[in-house]
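Engineer:
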Ligand code: GDP
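In the numbering used here, the protein residues as written are 578 to 1012.
Shown next as structure tokens:
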């Protein structure tokens, strides 16, 4: 997927615009999963072209008194990582010094930059918008984030200028694709080095290095797999790593390209905001997930500590708690083989296809025993179910009145699927449809 970053100073309407872009898809996803997470990353689609959108502003807390430097860092990171940038300004404020700063950075960029002048909802403001030519970014698009007017033209242009991505090469190389993600200093490189040692694929500082994720094939402990690396784009490392959305921005491409994400967290710090962002990024992309609590050698242990630690993490990742959590040390190489085995197992879990006969044989009696609650005296009957032939597991249950089946029941069905089949580490979708 192409990645589109929305940049601009606080309060120009970035998040309203972002919500509009991801709305249609997001509505579907949320109604299925019943949860709303990480409103700063989502998928959008226009004229049949799908892309990911990141609202850089969404990761700033207390965005009113944000430092100029902070915005600058966000923009630099977006420039580094995204395929296209939408720069949002506010017609009510006119050009502010901070807008000028951002424009100065964006003028140097060779990738597509679209200037969106927001809050243009009448003819007078159309006039006012003309001043934004002075930013030196060429043509601009006037939009009104609230009503959505103007968005269509901007999106037409966006999908036109997005680079063509090469088709996925899955067929040629059907090995599991793993990516190792986590916030800075969690121990990702140490883990990879401990696992694959000398062969570590090193990407040098080549100008114009491909922005695409790179698969490198390995064979370790009898397992063949690809590690997805985006190291090629880690060039201008002047961007500070303390940004809230740093890890997300850095991980998006690798996660989208993988089958299973190995999320490395630092045991001495616990499962924090950045870890959560990455976790939900993987979940939202319906990728397999393994959590490695690294640096376990540094933690003072008593008999209960592992259990307590594990419970605390599971609490943070509710309701998707059916995820393997391993306590490892990249330093002492403790449980590294186990980590790899688990990632392979999660890959297999995600790939599995449950035969329709077996699925019905197991699930229908459960449903019959505990049917969805009747609504207004009407009984809801589920007579048949099947797994769809999708890359990540999706199940459809056919019902006479699917619209009356509520989320708690969907979750009940998901739990029963998890009890009867091994989907550990794998997000699954359950749909109810008219038969
Ligand atoms: P990355 O930014 O996630 O790739 O993190 P690094 O692999 O560079 O590790 C960050 C720091 O943590 C380095 O100083 C490592 O030596 C240290 N480190 C990584 N894994 C472990 C571990 O399992 N135990 C201990 N004690 N230190 C570790």
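Heads up, the beta-carbon is just placed ideally off N, CA and C, and yes, glycines get one too.
Inspect the beta-carbon positions of residue 872 and residue 824 and report whether they are closer than 8 Å.
Structural biologist: Taking 8 Å as the Cβ cut-off, residue 872 and residue 824 do not qualify as a contacting pair.
Engineer: Taking the continuous beta strand (DSSP E) assigned at residue 691, which residues delimit it?
Structural biologist: From DSSP, the beta strand (DSSP E) with residue 691 extends over 690-695.
Engineer: If you compare alpha carbons, which of 847, 874, 671 is closest to residue 888?
Structural biologist: The option with the nearest alpha carbon to residue 888 is 847.
Engineer: Just to confirm, does residue 942 get its C-beta within under 7 Å of one of the non-hydrogen atoms of the ligand GDP?
Structural biologist: The answer is no for residue 942.
Engineer: Go ahead and label residue 779 buried or exposed: buried means 16 or more other beta carbons lie within 10 angstroms of its beta carbon, across all protein chains shown.
Structural biologist: Because the pLDDT at residue 779 is just 47, under 50, the model does not fix this residue reliably, and the point stays unresolved.
Engineer: How would you label residue 840, buried or exposed, when you count the other beta carbons within 10 angstroms and need 16 or more for buried?
Structural biologist: Buried, since its Cβ has 16 or more Cβ neighbours within 10 Å.
Engineer: For residue 589, tell me which candidate among 886, 600, 667, 859 has the shortest Cα-Cα distance.
Structural biologist: Checked all of 886, 600, 667, 859; the closest Cα to residue 589 is 667.
Engineer: When we look at the beta-carbon of residue 707 and count the other beta-carbons within 10 Å, is it buried (16 or more) or exposed?
Structural biologist: Residue 707 is exposed by the Cβ-count criterion.
Engineer: Check whether the segment 941-955 touches the segment 847-863, taking contact to mean three or more Cβ pairs, one atom from each stretch, closer than 8 Å.
Structural biologist: Cβ pair count under 8 Å is below three, so no.
Engineer: Say yes only if the C-beta of residue 908 is nearer than 7 Å to one or more non-hydrogen atoms of the ligand GDP, and no if none qualify.
Structural biologist: Because some heavy atom of the ligand GDP lies under 7 Å away, the Cβ of residue 908 counts as near it: yes.
Engineer: Using a Cβ-Cβ cutoff of less than 7 Å, which residues in the same chain neighbour residue 684 once the five nearest sequence positions on both sides are dropped?
Structural biologist: Cβ within range, chain order: 713, 714.
Engineer: State yes or no: is the C-beta of residue 841 nearer than 7 Å to some heavy atom of the ligand GDP?
Structural biologist: Result yes, Cβ under 7 Å from the ligand GDP.
Engineer: By alpha-carbon positions, which one of 1011, 962, 926, 986 ends up nearest to residue 999?
Structural biologist: If we check each option's Cα against that of residue 999, 926 comes out closest.
Engineer: Scan the segment 818-863 and note each continuous alpha helix (DSSP H) run of 4 residues or more that stays entirely inside, going in chain order.
Structural biologist: Runs found: 823-834, 850-861.
Engineer: Pick helix, strand or coil for residue 956, following the three-state DSSP scheme.
Structural biologist: Residue state, collapsed to three classes: coil.
Engineer: Tell me which residues share the same chain as residue 859 and place their Cβ nearer than 6 Å to its Cβ, disregarding the 5 neighbours each side in the sequence.
Structural biologist: The residues are 832, 838, 866.
Engineer: If you scan the segment 863-941 from start to end, which runs of the beta strand (DSSP E) of 3 or more residues do you find wholly inside it?
Structural biologist: Segments of the beta strand (DSSP E) lying fully in the segment 863-941: 865-871, 902-904.
Engineer: As a quick exercise: from 720, 896, 918, 877, pick the residue whose alpha carbon is nearest that of residue 801.
Structural biologist: Checked all of 720, 896, 918, 877; the closest Cα to residue 801 is 918.
Engineer: Return the CA-CA distance between residue 628 and residue 1011, expressed in angstroms with no decimal places.
Structural biologist: Going from the Cα of residue 628 to the Cα of residue 1011 covers about 30 Å.
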